[in-house]
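For the sequence shown, my numbering gives the first residue as 23, with consecutive numbering after it. In what follows, a single structure is set out as structure tokens and then discussed.
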Amino acid sequence: MNDITMIGHISRDIMIYKSDEVRLTGGPVIYSSAAASRSGKKIQVITSASLDADKELDGMRTNGVDVIRLDSTATTSIENIYFSADKEKRKVTLLSQADPFTIESLPETDSTIYHLAGLFRGEIPDNFIPYLAEKGKVGIDVQGLLRCSEEGKLLFKDWDSKKELLPKITYLKTDAAEAEILTGETDREKAAYILASWGAEEVMVTHNTEVIVLVDGKIYKAPFAPANLSGRTGRGDTTFAAYLAWRLNHK
23 MNDITMIGHI SRDIMIYKSD EVRLTGGPVI YSSAAASRSG KKIQVITSAS
73 LDADKELDGM RTNGVDVIRL DSTATTSIEN IYFSADKEKR KVTLLSQADP
123 FTIESLPETD STIYHLAGLF RGEIPDNFIP YLAEKGKVGI DVQGLLRCSE
173 EGKLLFKDWD SKKELLPKIT YLKTDAAEAE ILTGETDREK AAYILASWGA
223 EEVMVTHNTE VIVLVDGKIY KAPFAPANLS GRTGRGDTTF AAYLAWRLNH
273 K
């Protein structure tokens, strides 16, 4: 039995700031599995990518992660053009897209937590939430629910099924901007309380200054204090995954 099964696409990322260009294989399942596997937990990743991307999954395998690649006609690739040194402002373009997941294509798996780590809407259909909630606890990053592709451009839109499906989610992760889209509230703590009132059991809201978690009506805070922001990509993913791994032993 796995402790955490993570589901989501990898991404061949192109990151551009001024004249600098960096290419690497990223995506929430890459960063999340790296953080969670270092806790000593048994981690599984289910991803969708083309055959020529299989060697790009070896880093996860080296970390002891059980990786299942569902064959796809393409591998997701995203271009990020940053407009500020802190990398908070950026233009995001979807260059190619792997096949979406379906319940029918999902391999048999047994896990304590199912972490839905999507990059954009439609990658992991909404019907995964009630289906997996019957098998274990569901953790989800709302990026994969709000971020939409329109002619290659990635935009954020509200999630129509939020009030129906939030009660099925044990662990909900959002950043400050996504929380505002969902709730209309700019105050991060107030937004967390609203999301909890709609049914999410535990709510994490990340910001470039701190992370807050709402559990049983109480807010917990921890500051982000990096030496620099050059490695901000995946920060929210690693924070959420580390929390999920910690939560396995701290009820």
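For every residue, glycine included, the Cβ atom is placed at its ideal position computed from N, Cα and C.
By alpha-carbon positions, which one of the options ends up nearest to residue i?
i: C170; options: A264, F142, R83 and S54; result: F142
i: D209; options: G221, W220 and V227; result: V227
i: S96; options: R34, M82, G86 and E202; result: It is worth fixing the name first, because residue 96 is Ala in this sequence and not Ser. Nearest option by C-alpha distance: R34.
i: Y193; options: G206, R269 and A247; result: R269
i: S72; options: H31, G86, V164 and M37; result: H31
i: S127; options: D42, Y215 and I29; result: I29
i: N102; options: F262, E223, L79 and K40; result: K40
i: E130; options: L92, I203, A75 and I241; result: L92
i: I52; options: R83, F246 and E43; result: R83
i: E224; options: S106, V114 and F262; result: F262
i: L154; options: L187, G144, D42 and E43; result: L187
i: A274; options: V235, R257, E156 and T231; result: For the chain, the structure presents residues 23 to 273; residue 274 sits outside this window and is missing.
i: M23; options: S54, D74, Q66 and E43; result: Q66
Terminal residues of the continuous beta strand (DSSP E) containing residue i?
i: E202; result: Segment A198 to T205 is the alpha helix (DSSP H) holding E202; no beta strand (DSSP E) there.
i: L117; result: R112 to S118
i: T231; result: First-last for T231: undefined, no H or E at that position.
i: T69; result: I65 to A71
i: A107; result: Unbroken run through A107: none, as it is neither H nor E.
i: A75; result: A75 -> no beta strand (DSSP E), and no H or E assigned at all.
i: A244; result: K240 to P245
Determine the DSSP secondary structure at residue i, reduced to helix, strand or coil.
i: E130; result: coil
i: E156; result: coil
i: L141; result: coil
i: T97; result: coil
i: E223; result: coil
i: I162; result: strand
i: A57; result: helix
i: D148; result: coil
i: K190; result: helix
i: I135; result: strand
i: V89; result: strand
Short check: CB of residue i to CB of residue j, under 7 Å?
i: S70; j: D121; result: yes
i: I125; j: L138; result: no
i: K63; j: D25; result: yes
i: T27; j: S133; result: yes
i: D197; j: P50; result: no
i: P189; j: G158; result: no
i: L167; j: F178; result: no
i: A244; j: V233; result: yes
i: A213; j: E207; result: yes
i: L266; j: I135; result: yes
i: R191; j: E211; result: What sits at residue 191 in the sequence shown is Ile, not Arg. No. Outside cutoff.
i: D163; j: K195; result: yes
i: S118; j: D148; result: no
i: R45; j: I38; result: no
i: A57; j: A264; result: yes
i: V114; j: L204; result: no
i: L79; j: G174; result: no
Counting along the chain, where does the alpha helix (DSSP H) carrying residue i start and finish?
i: M28; result: First-last for M28: N24 to I29, but that is the beta strand (DSSP E), not the alpha helix (DSSP H).
i: Q165; result: Q165 to L168
i: F178; result: Careful: F178 lies outside any alpha helix (DSSP H), inside the beta strand (DSSP E) at K175 to F178.
i: A218; result: R210 to S219
i: D42; result: Careful: D42 lies outside any alpha helix (DSSP H), inside the beta strand (DSSP E) at D42 to G48.
i: L266; result: R257 to R269
i: K185; result: K184 to L187
i: R34; result: Looking at the DSSP string, R34 is not in any alpha helix (DSSP H); the run it does join, the beta strand (DSSP E), is S33 to Y39.
i: D80; result: D80 to T84
Got a sec: is the Cβ-Cβ distance from residue i to anything in chain C below 7 Å?
i: H229; result: The structure shown contains no chain C, having only a single protein chain.
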